[in-house]
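**Q**
Following this line, the structure appears as structure tokens:
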């Protein structure tokens, strides 16, 4: 039986972690994810879970210890934000290439500088090519739901890759909202026990983790890793289906909100998707055919699926909550545009950068984006294909 | 309640404006409403101006932006009136509540020409009388409930006893004082509200 409650995004993820009761959690605090290790260690101190919590001296160490524990055969996780994720960079690649199905609760916050504690996706997007699965949430409910699906995806023998469950710093992590929680027993059954096929603390079947590979092996190892990430797509969909049967909630790779007959579609990630959906409903009342595609899974990137979901539109807005410094678009913009090209789709696409360092994104902003697309198409005018929202010039 | 309600809180870091917003979300949830309570942080230090927000609705809440046209503004620290335009976007048929010993007539000139409902509440005096210390968030929370009409005042008092028991599990000695601060506030603001329609009423 689902239980209705209200809690912040950080509370929701901590609650999910308690219900999963993983084996090991090394962590180092950083705003705005600090509450997660804080709440989990409170659960442990109160005897509500028996995870081994390791306070470490840095995020480099928290990810190293997570990998070490996972390699030993323990279900492991950590949590971080911003500079903490950046400090894990080397280990993120090790976790993925050593095929460690550990989890990371990422509470998205911008990277310095200027120094700022608020939300954008520069941390998660900066780690987009480390080989991790990345799933993003619109609200506290999705952060909770996604976390419960994390291990069944990561630990599937077809996948065996680490998974990052992301939510927007402060905007959802510190916002108290309504939520529906599953019973502990339901979560435990859904996630199951972890029985790794191969692990270090297995004297009967010794293995090496992270050895040197000569040039003759590296390409094959990398290719194996890529194929696992490709296979994760079907596993993510299977797990989402199973979760929907249990909870009645959830989406696969993305949510399509009124996109089917839409002339203008906004593609967006995270908490701003809800704001965009509100704009869609207001514009629909005025007869505008608009919709939102909210991307849930960024890695593996569903390029073909997105292209097919938006190619019928007259124009699409691709919304990036980070700058990529490639000088021709944000990460989402560049990847979707490449995907459209390969799918031989010719839909007009405009890439907008918004919400950096916590800059607010409002219903009016979303409506003005739709208005700009419509005006460009109706009047056959040129639009700057890569631009910023709400920027003071 | 029937109408959706949007509230903006102005305070200074450490005064409990964020806590008041989260407690309001908490207590409004008990009525079956959809709620949102969230802070907006500037520099992380005691005394810096902070803003917190509430959305309370009968429908699920999807918008994740700040609130620019609030129905109600709660000013926890009156010194902010000099530096922050607290009535920015405040609806003409909305209301503003200011924590101050001054009268409405004395503070209205500081409100950038706002002509809607203005209420003052001396949260310092109430808090010191009830608790022996200055914690403005309980009086301000009660004032927000009274002015908005987001829930029945009796239900509010009942729910808050439970919330405080949970919140102050480690210092139960402050529960009675905080409960007293709530009822003193409801009594203090009642005359100003008599004959007025609560903000949530259709």
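Residue numbers (UniProt numbering), protein chains in the order written: chain A, 1 to 393; chain B, 1 to 202. Note that CB positions come from ideal geometry on N, CA and C, so glycine has one too. Owing to the predicted nature of the structure, the values given are computational and were not obtained by experimental measurement.
1. Any beta-carbon of chain A closer than 8 Å to the one on residue 61(B)?
2. Give the single residue among 34(A), 94(A) and 366(A) whose Cα lies nearest to the Cα of residue 63(A).
3. Runs of 3 residues minimum, wholly inside the region 93-171 of chain A: which ones carry the beta strand (DSSP E) assignment?
4. Find the nearest neighbour of residue 70(A) within the set 39(A), 104(A), 42(A) and 90(A), judged by alpha-carbon distance.
5. Measuring alpha carbon to alpha carbon, tell me which of 161(B), 41(B), 91(B) and 35(B) ends up nearest residue 31(A).
6. Quick one: Cα of residue 71(B) to Cα of residue 297(A), how far?
7. For residue 55(B), I'd like the list of residues in its chain whose CB is within less than 6 Å of its CB, leaving aside the five on either flank, ordered along the chain.
8. Report all residues from its chain with a CB closer than 8 Å to the CB of residue 69(B); omit the five preceding and five following residues, and keep chain order.
9. What is the rounded straight-line gap between the Cα of residue 56(A) and the Cα of residue 91(A)?
10. Using the Cα positions of residue 363(A) and residue 279(A), report the straight-line distance between them to the nearest angstrom.
11. Compute the distance between the beta-carbons of residue 321(A) and residue 269(A), then report whether it is under 8 Å.
12. Between residue 51(B) and the rest of its own chain, which residues show a CB-CB distance below 7 Å, the 5 nearest in sequence each way excluded?
13. Taking contact to mean at least 3 C-beta pairs separated by less than 8 Å, is the region 176-189 of chain B in contact with the region 135-143 of chain B?
14. Listed from N- to C-terminal order along the chain, which residues in the region 352-374 of chain A have their beta-carbon within a distance smaller than 7 Å of any beta-carbon of chain B?
15. Which of helix, strand or coil does DSSP assign to residue 4(A)?
16. Quick one: list the residues of chain A neighbouring residue 66(B), beta-carbon separation under 9 Å, in chain order.
17. Hey, residue 181(A) and residue 50(A): beta-carbon distance below 8 Å or not?
18. Rounded to the nearest angstrom, what separates residue 27(B) and residue 218(A) at their Cα positions?
19. Rank 142(A), 189(A) and 236(A) by C-alpha distance to the C-alpha of residue 157(A) and give the top, closest one.
20. When the distance is taken between beta carbons, is residue 232(A) closer than 8 Å to residue 161(A)?
21. Roughly how many whole angstroms lie between the Cα atoms of residue 335(A) and residue 303(A)?
22. Return the residues of the region 21-52 of chain B that lie within a Cβ-Cβ distance of less than 7 Å from chain A, sorted by chain order.
23. With DSSP as the reference, please indicate the residues paired to residue 10(B) in a beta bridge.
24. Enumerate in chain order the residues of its own chain whose CB-to-CB distance from residue 132(B) is below 8 Å, with the five nearest sequence positions on each side excluded.
25. Would you say residue 185(A) faces chain B, with C-beta separation under 8 Å as the test?
26. In chain order, what residues of the same chain have a beta carbon less than 6 Å from the beta carbon of residue 29(B), not counting five sequence neighbours either side?
27. Name the one or two DSSP bridge partners that residue 265(A) has.
28. Excluding the five sequence neighbours on either side, which residues of its own chain have a C-beta within less than 6 Å of the C-beta of residue 104(B), listed in chain order?
29. What residue from 109(A), 204(A) and 89(A) has the CA that sits closest to residue 117(A)'s CA?
30. Return the residue from the list 238(A), 225(A), 284(A) and 251(A) that minimises the CA-CA distance to residue 258(A).
31. Taking its Cβ as the centre, do 16 or more other Cβ atoms sit within 10 Å of residue 169(B), making it buried, or is it exposed?
32. Could you give the uninterrupted runs of the beta strand (DSSP E) lying entirely in the region 340-374 of chain A, keeping only those of 3 residues or more?
33. Any beta-carbon of chain B closer than 8 Å to the one on residue 346(A)?
34. Looking only at its own chain, which residues have a Cβ that is under 8 Å from the Cβ of residue 228(A), when we skip the five neighbours before and after it?
35. Between residue 21(A) and chain B, is the shortest Cβ-Cβ distance under 8 Å, so that the two count as touching?
36. Could you pull the start and end residues of the alpha helix (DSSP H) that residue 147(B) belongs to?
**A** To lay it out plainly:
1. True, the Cβ-Cβ gap to chain A drops below 8 Å.
2. Among 34(A), 94(A) and 366(A), the Cα nearest to that of residue 63(A) belongs to 94(A).
3. Correct list: 103-108, 133-136 and 163-168.
4. With distances taken between Cα atoms, residue 70(A) lies closest to 104(A).
5. Comparing Cα-Cα distances from residue 31(A) to each of 161(B), 41(B), 91(B) and 35(B), the minimum goes to 41(B).
6. Going by the C-alpha atoms only, they are around 37 Å apart.
7. Excluding positions up to five away in sequence, the list reads 6, 36 and 61.
8. Excluding residues within five positions, the ones whose Cβ falls inside 8 Å are 6, 89, 90 and 91.
9. Distance between the alpha carbons of residue 56(A) and residue 91(A): 15 Å.
10. Their Cα atoms are separated by approximately 5 Å.
11. Their beta carbons are under 8 Å apart, which means residue 321(A) touches residue 269(A) by this criterion.
12. The residues are 8, 9, 10 and 40.
13. With the cut-off at 8 Å, the region 176-189 of chain B and the region 135-143 of chain B touch.
14. Answer in chain order: 360, 361, 362 and 363.
15. Residue state, collapsed to three classes: strand.
16. Correct list: 360 and 362.
17. No.
18. Roughly 58 Å separates the two Cα atoms.
19. The residue with the shortest Cα to Cα distance from residue 157(A) is 236(A).
20. A contact, by the Cβ cut-off of 8 Å.
21. Distance between the alpha carbons of residue 335(A) and residue 303(A): 7 Å.
22. Against chain A - using a Cβ distance shorter than 7 Å - the residues of the region 21-52 of chain B are 22, 25, 26, 29, 34, 35, 36, 37, 38, 39, 41 and 44.
23. Assignment of beta-bridge partners to residue 10(B) by DSSP yields 51(B) and 75(B).
24. The answer, listed in chain order, is 177.
25. No - not a single Cβ of chain B is within 8 Å of the one on residue 185(A).
26. Listed in chain order, the non-local C-beta contacts of residue 29(B) below 6 Å within the same chain comprise 35, local neighbours out to five positions each way being set aside.
27. Residue pairing from DSSP places residue 265(A) in a beta bridge opposite 291(A) and 316(A).
28. Leaving aside the five residues that flank residue 104(B) on each side, the residues in its chain whose CB is nearer than 6 Å to its CB run, in chain order, 118 and 120.
29. Checked all of 109(A), 204(A) and 89(A); the closest Cα to residue 117(A) is 109(A).
30. Cα-wise, what sits closest to residue 258(A) is 284(A).
31. By the 10 Å Cβ count, residue 169(B) comes out exposed.
32. Correct list: 348-353.
33. Cβ-Cβ to chain B under 8 Å: no for residue 346(A).
34. The answer, listed in chain order, is 99, 158, 159, 160 and 161.
35. Taking 8 Å as the threshold, the shortest C-beta distance from residue 21(A) to chain B does not fall below it.
36. For residue 147(B), the enclosing alpha helix (DSSP H) stretches over residues 137-148.
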